[in-house]
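In our numbering, the protein residues as written are 1397 to 1518.
Virtual Cβ for every residue (Gly too), placed ideally from N, Cα, C.
Following: one structure in C-alpha coordinates, then a few remarks.
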(Lines of atoms letter the chains of each structure in order from A and count residues from 1; the text may use other names and numbers.)
(Lines give C-alpha, C1' and ligand atoms only; values in the text may rest on other atoms or scores of the structure.)
Protein backbone atom coordinates (compact mmCIF):
# COMPACT_ATOMS: atom_id res chain seq x y z
CA UNK A 1 0.00 0.00 0.00
CA UNK A 2 1.14 3.56 -0.70
CA UNK A 3 2.57 5.14 2.45
CA UNK A 4 1.09 8.56 3.04
CA UNK A 5 3.25 11.27 4.51
CA UNK A 6 1.51 12.31 7.68
CA UNK A 7 1.56 15.92 8.92
CA UNK A 8 2.92 14.76 12.31
CA UNK A 9 5.02 11.66 12.95
CA UNK A 10 3.95 10.24 16.32
CA UNK A 11 4.97 6.61 15.89
CA UNK A 12 7.49 4.60 14.01
CA UNK A 13 7.18 4.27 10.27
CA UNK A 14 6.50 0.53 10.69
CA UNK A 15 3.61 1.16 13.10
CA UNK A 16 2.14 3.85 10.87
CA UNK A 17 2.47 1.64 7.81
CA UNK A 18 0.76 -1.31 9.53
CA UNK A 19 -2.10 0.89 10.76
CA UNK A 20 -2.50 2.47 7.35
CA UNK A 21 -2.65 -0.95 5.74
CA UNK A 22 -5.37 -2.11 8.15
CA UNK A 23 -7.35 1.10 7.61
CA UNK A 24 -7.34 0.29 3.90
CA UNK A 25 -9.31 -2.92 4.53
CA UNK A 26 -12.65 -1.15 4.17
CA UNK A 27 -14.60 -4.40 3.67
CA UNK A 28 -13.47 -5.64 7.08
CA UNK A 29 -14.71 -2.46 8.72
CA UNK A 30 -17.96 -2.73 6.75
CA UNK A 31 -18.53 -6.23 8.18
CA UNK A 32 -18.07 -4.85 11.70
CA UNK A 33 -20.45 -1.97 10.97
CA UNK A 34 -23.05 -4.43 9.66
CA UNK A 35 -22.95 -6.41 12.91
CA UNK A 36 -23.28 -3.26 14.99
CA UNK A 37 -26.13 -2.10 12.75
CA UNK A 38 -27.98 -5.30 13.65
CA UNK A 39 -27.59 -4.48 17.32
CA UNK A 40 -28.48 -0.83 16.77
CA UNK A 41 -32.11 -1.74 17.42
CA UNK A 42 -33.39 -2.26 20.97
CA UNK A 43 -35.68 -5.11 19.96
CA UNK A 44 -32.89 -7.03 18.23
CA UNK A 45 -30.57 -6.53 21.20
CA UNK A 46 -33.26 -7.90 23.51
CA UNK A 47 -33.95 -10.89 21.24
CA UNK A 48 -30.25 -11.62 20.80
CA UNK A 49 -29.67 -11.37 24.56
CA UNK A 50 -32.60 -13.72 25.21
CA UNK A 51 -31.28 -16.25 22.70
CA UNK A 52 -27.85 -16.12 24.31
CA UNK A 53 -29.51 -17.54 27.43
CA UNK A 54 -31.97 -20.03 25.97
CA UNK A 55 -33.34 -21.58 22.82
CA UNK A 56 -36.87 -20.45 21.94
CA UNK A 57 -39.51 -20.65 19.24
CA UNK A 58 -41.10 -17.60 17.62
CA UNK A 59 -44.32 -17.89 19.64
CA UNK A 60 -42.49 -17.92 22.96
CA UNK A 61 -40.21 -15.06 21.90
CA UNK A 62 -43.32 -13.12 20.84
CA UNK A 63 -44.93 -13.71 24.24
CA UNK A 64 -41.77 -12.79 26.15
CA UNK A 65 -41.26 -9.64 24.08
CA UNK A 66 -44.98 -8.77 23.99
CA UNK A 67 -44.82 -8.36 20.20
CA UNK A 68 -46.52 -10.01 17.25
CA UNK A 69 -45.02 -13.13 15.69
CA UNK A 70 -44.52 -11.42 12.29
CA UNK A 71 -42.58 -8.59 13.93
CA UNK A 72 -40.40 -11.08 15.83
CA UNK A 73 -39.86 -13.11 12.65
CA UNK A 74 -38.65 -9.97 10.87
CA UNK A 75 -36.03 -9.33 13.56
CA UNK A 76 -35.04 -13.00 13.66
CA UNK A 77 -34.40 -12.96 9.89
CA UNK A 78 -32.09 -10.00 10.28
CA UNK A 79 -30.17 -11.57 13.18
CA UNK A 80 -29.94 -14.87 11.29
CA UNK A 81 -28.62 -13.20 8.13
CA UNK A 82 -25.85 -11.59 10.17
CA UNK A 83 -24.87 -14.97 11.63
CA UNK A 84 -25.65 -13.97 15.21
CA UNK A 85 -28.37 -16.59 15.66
CA UNK A 86 -29.04 -20.04 14.22
CA UNK A 87 -32.29 -21.94 13.72
CA UNK A 88 -33.07 -25.56 14.54
CA UNK A 89 -36.13 -27.23 13.07
CA UNK A 90 -38.04 -29.83 15.03
CA UNK A 91 -41.07 -30.97 13.04
CA UNK A 92 -43.03 -27.84 12.17
CA UNK A 93 -41.45 -25.80 14.95
CA UNK A 94 -38.29 -23.73 14.49
CA UNK A 95 -36.18 -22.92 17.53
CA UNK A 96 -33.58 -20.15 17.63
CA UNK A 97 -30.47 -19.66 19.73
CA UNK A 98 -27.36 -17.51 19.61
CA UNK A 99 -24.72 -18.94 17.31
CA UNK A 100 -21.76 -20.62 18.95
CA UNK A 101 -19.17 -18.21 17.57
CA UNK A 102 -16.53 -15.94 19.06
CA UNK A 103 -18.42 -12.99 17.60
CA UNK A 104 -21.71 -13.89 19.32
CA UNK A 105 -20.00 -14.59 22.64
CA UNK A 106 -18.14 -11.27 22.51
CA UNK A 107 -21.29 -9.32 21.65
CA UNK A 108 -23.17 -11.05 24.46
CA UNK A 109 -20.41 -10.14 26.92
CA UNK A 110 -20.42 -6.55 25.66
CA UNK A 111 -24.19 -6.23 26.10
CA UNK A 112 -24.05 -7.58 29.64
CA UNK A 113 -21.06 -5.43 30.62
CA UNK A 114 -22.56 -2.26 29.16
CA UNK A 115 -25.86 -3.00 30.92
CA UNK A 116 -24.01 -3.50 34.20
CA UNK A 117 -22.04 -0.29 33.79
CA UNK A 118 -24.89 1.93 32.57
CA UNK A 119 -27.99 0.40 34.16
CA UNK A 120 -26.98 -1.20 37.41
CA UNK A 121 -24.42 1.38 38.55
CA UNK A 122 -26.05 4.80 38.09
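Here residue 1471 has 1439, 1440 and 1443 as same chain residues with Cβ atoms under 7 Å from its own Cβ, once five neighbours each way along the sequence are excluded. Residue burial annotation: residue 1427 is exposed, with fewer than 16 other C-beta atoms found within 10 angstroms of its C-beta. A straight-line Cα-Cα distance of about 10 Å links residue 1491 and residue 1450. Going by C-alpha positions, residue 1483 is about 50 Å away from residue 1401. Of the other Cβ atoms in all chains shown, fewer than 16 fall within 10 Å of the Cβ of residue 1418; this residue is therefore exposed. Residue 1507: not part of any beta strand (DSSP E); member of the alpha helix (DSSP H) spanning 1498-1511, first to last residue.
Runs of beta strand (DSSP E) with 3 or more residues, each lying fully within the region 1423-1482, are absent. Within 10 angstroms of the beta-carbon of residue 1459 lie fewer than 16 other beta-carbons, which makes it exposed. Per DSSP, residue 1421 lies in no beta strand (DSSP E) segment and is marked neither H nor E.
Here residue 1434 is buried: its Cβ has 16 or more other Cβ atoms, across all protein chains shown, within 10 Å.
Only residues of its own chain outside the window of five on either side were considered, and among them none has a CB closer than 6 Å to the CB of residue 1455.
Beta-bridge pairing by DSSP links residue 1494 to 1481.
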